[in-house]
Amino acid sequence: MASPETRYSPNDLEPRWQQRWLELGLDRTPAPSAERSENFYALSMFPYPSGNLHMGHVRNYVITDVIARVQRLKGKRVLHPMGWDAFGLPAENAAIERGVDPADWTEQNIAQMREQLKRLGLSIDWERELSTCRPDYYRWTQWLFLQFLEAGLAYRKEASVNWDPIDQTVLANEQVDSEGRSWRSGALVEKRKLRQWFLRITAVADELLDDLKQLQGWPERVRTMQANWIGRSTGATLRFPLAQGDGAIEVFTTRPDTIFGVSYVVLAPEHPLVEQFTTAAQQTAVAAFKAEVATVSDQDRVAEDRPKRGVALGGSVRHPFSDRDVPVWIADYVLPDYGTGAVMGVPAHDQRDFSFARSYGLPITTVVVPAVVVPGHQAESQPAQPPAAPEQAFTELGTLVNSGEFDGLTGETAKQAIITAAVAAGVGAAKVNFRLRDWLISRQRYWGCPIPVIHCDSCGPVPVPEEQLPVELPRDVDLSGVGGSPLAKAEAWKHVACPSCGQPAQRETDTMDTFMCSSWYYLRYTDANNQGQAFSRAAVDAWMPVDQYVGGVEHAILHLLYSRFFTKVLAQRGLVASNEPFKQLLTQGMVQAVTYRNPSSRRYIAPAVVADPSNPQDPDSGEALEVFFEKMSKSKYNGVDPGAVIDRYGADTARMFILFKAPPEKDLEWDDADVEGQFRFLQRIWRLCEGAKQAGLSLAQPSPLPEQLNPADQELRRAVHRAIEAISEDLDGDVQFNTAISELMKLSNAMGGNLEAVAVPVAEEALASLLVLLAPFAPHLADELWEQLGGKGSIHQQRWPLLDAAALVRDTVTVVLQVKGKMRGQLEVPASTDAAELERLALASDVAVKWLEGQPPRRVIVVPGKLVNLVP
RNA sequence: GCCCGUGUAAUCCAACGGUAGAGAUAAGCGACUUAAAAUCGCUCCAGUGCGGGUUCGAAUCCCGCCACGGGCACCA
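Converting from the first sequence to the working numbering requires adding 720 to each position, the first position being numbered 1.
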């Protein structure tokens, strides 16, 4: 019977080791090497401090931790920090609903989550912890904003916001429901124009798109998502001069080749020229339509299934090529902030224009027909007959008809010809447009980083001088949730002297989008305690770009794009060297768990009340339940609390399970039985080492291998080095923790029961290798066993085991015998057997006799060491 | 509608174009036990979503489908 001290009990072992690591300072970041390649920056996306750690966090941080630990064992100097994305609405809502101070509430949550995190045994350098809501951090967020301002990349303009007329406040898009109502007051949200701050991300749109090619360490789908989001489209601007008088309407089009098919021009209802083109007769209709569009939320306005609606203004412009009159309309499907806010309507060749023209009886003129290739005349093409009344728009490129001198031109050639003609006539130019818009960063909220600007009646907006930073958030502000920006009511804070002229002036009362704070935090970690700068150039150059970034794919666009934008601007200003922030990106999958739903009531049933999971039934009605795997959430009753798992099995088991159950990019299905399985595996290792200790094995120092190894020695060494090879490969580049752990299992299986049968140095080599390879995954257990077996220092200070290629060599190999690609037998041959000899052996084998029926094969394929394929 | 990803055993997952199974879970059998649990050993289970093609040889490469998941979607 096992004595008590030989039991694997993670609950007392893990806290003990966490304490020891702290004393040894193992997680502290070493001074970086001057050689960048000797430093390694491992980073997890920092969390919002909700106060509760969930499994998604655990997966994220454990993945990063394993990578960090492996790199340390490989001799790298590792930066592995953690912090808090601490500004945001939940704190403000807590203040509104429960009267608690947002700062206190946030700090409390941080304290709670930090303790939960520490139980996981993450090798995080807590001395570099940062929180975006603390003045010593947001001081530098403000400083960076001023950098943008100075570079001309921050500007103010009128923009519409969601305005709740009952609460008298601005709402974020997420706070407006699908019916356009406020989540709190239920009032219909209005759109209101406010002067807001923007960052000119469009200035680097080209680089953001082009440099995606550099990011080979990013998942392709993230790069595609960003490319789609940026949305570069190539085309032209064309000017439609006023029918009478000076001026023109400028439109953007990707299809200049369809210019002769224009039957109307449409402005966005918000377009500044709308008034000018509205005739007296249309005045009322136009005003009514504009008012109506103003009430529609942006989401609805761009919903594709909406019918396209519009109103003729009465005025008209002249066609730039044919001089004919073209009526001017406004329509809801034209957006004010894309292109020029005006579109040429070509119903025959654009689906939207087509349905609009149909609804309003506008002419549909075909000017492009499919190019028909005449057989035998590859370069020539013959236009098909244009349809009299098309049923839908023909949106592909083709051959021009009804286009005057341009008739017969095709595709890109036609586009170019028309652009060239437009340029010559002074009515247009080639133009590239982006879907990407400038980034609106103003938030009419309290719990965010104050925008460091002072508005003066005579000087305009004046930046707060650097030495006056940070502009601290005032405490004790009225956070009733009504009445616009809360800071606007902080009278004592708001009124200041203008830094430029000294006259009474007012602070900017909006705060920044929290994505501003998270767009540079990875730079601050490199120099987290610098009081005089956001970060020193030396520190960022030593660590940037981040070698491995790990986080959820939900940030594929916003956070990752904004961070790339920041880095590019800072690189241009000489503040950082690298122009991309994240070299390698791993987007981990969701953590899911089983959910049960009653198909008729659509209600979720907690797994705890489902009596028989193999035949799930509603405990009340007895109906059969639907079974899904879905992301863990409270409303579905399928959340698993990390703390409870650690209580029961320990952090090492939780880590092992999460890493083993699925490849990191894929969704992971929580399964208690599999958790149990990992616990059993760790126990097996524990027992293996107990046995080794009792057999007198020791890891105090490596002993030299004997000159002569017997077959058992060789076999065990082969298993050890195969594991070293496979695990090293799994942890390099695209990481595969699940297969790495299965290799660990294989190795421990190979060692089980065999340690006493081999030479002592061989057994000790196997033990040491197993434990070091295990250390990144189950850091507490590995260190405990290392110590118990007499290992010196902490296992985390050891080196990754070296591969001895000679140990992998086998004397004999099994060669597969195939006949016509089908496996028909095997040959056991000396490893050195060459191709000719293999062929001879194969032809002489029973297999050949049986399957070739005396005929010589037509072909023989030999892969030395692998197989021989006989093709009759 | 467009783009991306994934389909392999009851389940989760592996397999440089070369023996479909590494590892695990579940199930079954056996050993140990007075018994159970734990532990140890053994066993069962798929021809890789479907249809073509390339190849000596295809889960893997190509083409066309299907299912599921995700992203984008009046961007002119």
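Quick reminder that beta carbons are idealized off the backbone N, C-alpha and C, glycines included.
What span of residues does the alpha helix (DSSP H) with residue i cover, start to end?
i       : result
Ile816  : 809 to 818
Val1440 : 1431 to 1450
Thr826  : 822 to 838
Gly1131 : 1131 to 1144
Leu1425 : Leu1425 -> no alpha helix (DSSP H), and no H or E assigned at all.
Leu1491 : 1480 to 1494
Ser764  : Counting along the chain, Ser764 falls outside any alpha helix (DSSP H), though it belongs to the beta strand (DSSP E) covering 759 to 764.
Ile1405 : 1392 to 1414
Ser1075 : 1071 to 1080
Arg1375 : 1371 to 1381
Bridge partners of residue i, per DSSP?
i       : result
Tyr875  : Phe918
Thr1315 : Phe1348
Phe960  : Ile969
Ile1325 : Tyr1316
Leu1587 : Val1536, Val1583
Glu1548 : Thr1534
His1175 : Pro1181, Gln1226
Thr889  : Asp884
Ala1331 : None; Ala1331 has no bridge partner.
Met1064 : Val985
Phe1302 : Val1266
Gln1002 : DSSP, once it has assigned bridges, lists no residue as partnering Gln1002.
Arg1519 : Note: Arg1519 sits in no beta bridge, so no partner.
Pro1170 : Thr1231
Val1216 : Ala1225
Assuming residue i and residue j make a contact with CB atoms under 8 Å, what is their CB distance in whole Å?
i       : j       : result
Thr664  : Ser1298 : Because residue 664 is not part of the residues shown, which for the chain are 721 to 1592, the question remains open.
Ala1443 : Glu1463 : 5 Å
Lys796  : Phe766  : Not confirmed; about 22 Å, so no contact.
Val1216 : Ile1174 : 6 Å
Gly981  : Val1054 : Contact doesn't hold; Cβ gap of about 17 Å is too wide.
Glu1346 : Gln1337 : So it is not a contact: roughly 11 Å between Cβ atoms.
Arg1078 : Ala1051 : Their Cβ separation, rounded to whole angstroms, is 13 Å, which puts Arg1078 and Ala1051 out of contact at 8 Å.
Cys1218 : Gln862  : In fact, because the Cβ distance is near 18 Å, the residues do not count as touching under 8 Å.
Pro752  : Thr826  : Not really, about 31 Å apart at Cβ, beyond 8 Å.
Ala1062 : Val986  : 7 Å
Ala1415 : Ala1439 : That belief does not hold up - the Cβ atoms of Ala1415 and Ala1439 are roughly 18 Å apart, past 8 Å.
Leu1561 : Pro1577 : Rounded, the Cβ-Cβ distance is 14 Å, inconsistent with contact.
For the beta strand (DSSP E) containing residue i, list its first residue and its last residue.
i       : result
Leu1467 : From DSSP, Leu1467 is part of no beta strand (DSSP E) but of the alpha helix (DSSP H) over 1457 to 1471.
Thr1532 : 1532 to 1539
Phe1154 : 1148 to 1154
His1500 : Where His1500 is concerned, there is no enclosing beta strand (DSSP E), although the alpha helix (DSSP H) it sits in stretches over 1499 to 1508.
Trp1049 : 1045 to 1051
Tyr984  : 984 to 987
Arg797  : 797 to 799
Val1037 : 1030 to 1038
Thr1307 : 1305 to 1308
Below 7 Å, is the gap between the Cβ of residue i and the nearest heavy atom of the ligand NAD?
i       : result
Ala1498 : This structure simply doesn't include the ligand NAD, nor any ligand for that matter.
- Query: Hey, is the region 1456 to 1468 in contact with the region 1522 to 1537, meaning 3+ C-beta pairs nearer than 8 Å?
  - Reply: no
- Task: Give, in chain order, every unbroken run of the beta strand (DSSP E) that is at least 3 residues long and sits entirely within the region 1218 to 1292.
- Result: 1224 to 1227, 1268 to 1272
- Task: Answer yes if the region 919 to 928 comes into contact with the region 1152 to 1163, meaning at least three C-beta pairs across the two stretches below 8 Å, and no otherwise.
- Result: yes
- Query: Within the chosen definition, does the region 1300 to 1320 reach the region 1275 to 1289 through at least 3 CB pairs nearer than 8 Å?
  - Reply: yes
- Message: Assess contact between the region 1175 to 1194 and the region 940 to 949, defined as three or more Cβ pairs (one per stretch) separated by less than 8 Å. Is contact present?
- Response: no
- Query: Are the region 1369 to 1382 and the region 1498 to 1517 in contact at 8 Å, needing three or more beta carbon pairs?
  - Reply: yes
- Any 3 or more C-beta pairs closer than 8 Å across the region 1329 to 1343 and the region 1390 to 1410: no
- the region 793 to 807 touching the region 1530 to 1541, judged by at least three CB pairs closer than 8 Å: no
- Task: Kindly confirm or deny that the region 998 to 1013 and the region 1140 to 1153 touch, where touching means at least three C-beta pairs closer than 8 Å.
- Result: no
- Looking at C-beta atoms only, is the number of pairs between the region 765 to 780 and the region 871 to 878 that lie closer than 8 Å three or more? no
- So does the region 828 to 836 actually touch the region 1162 to 1169, counting three or more Cβ pairs closer than 8 Å? no
- Task: Decide yes or no for the touch test of the region 1117 to 1124 against the region 975 to 990: beta carbon pairs closer than 8 Å, at least 3 of them.
- Result: yes
- Decide yes or no for the touch test of the region 743 to 762 against the region 778 to 798: beta carbon pairs closer than 8 Å, at least 3 of them. yes
- Message: Whether or not the region 1227 to 1240 and the region 1259 to 1271 are in contact is what I'm after, with contact meaning three or more pairs of Cβ atoms, one per stretch, closer than 8 Å; do they touch?
- Response: no
- Is there contact here, the region 1579 to 1589 with the region 1550 to 1568, by at least three beta-carbon pairs under 8 Å? yes
- Message: I want to know whether the region 1478 to 1495 touches the region 1421 to 1436 - three or more CB-CB distances under 8 Å.
- Response: yes
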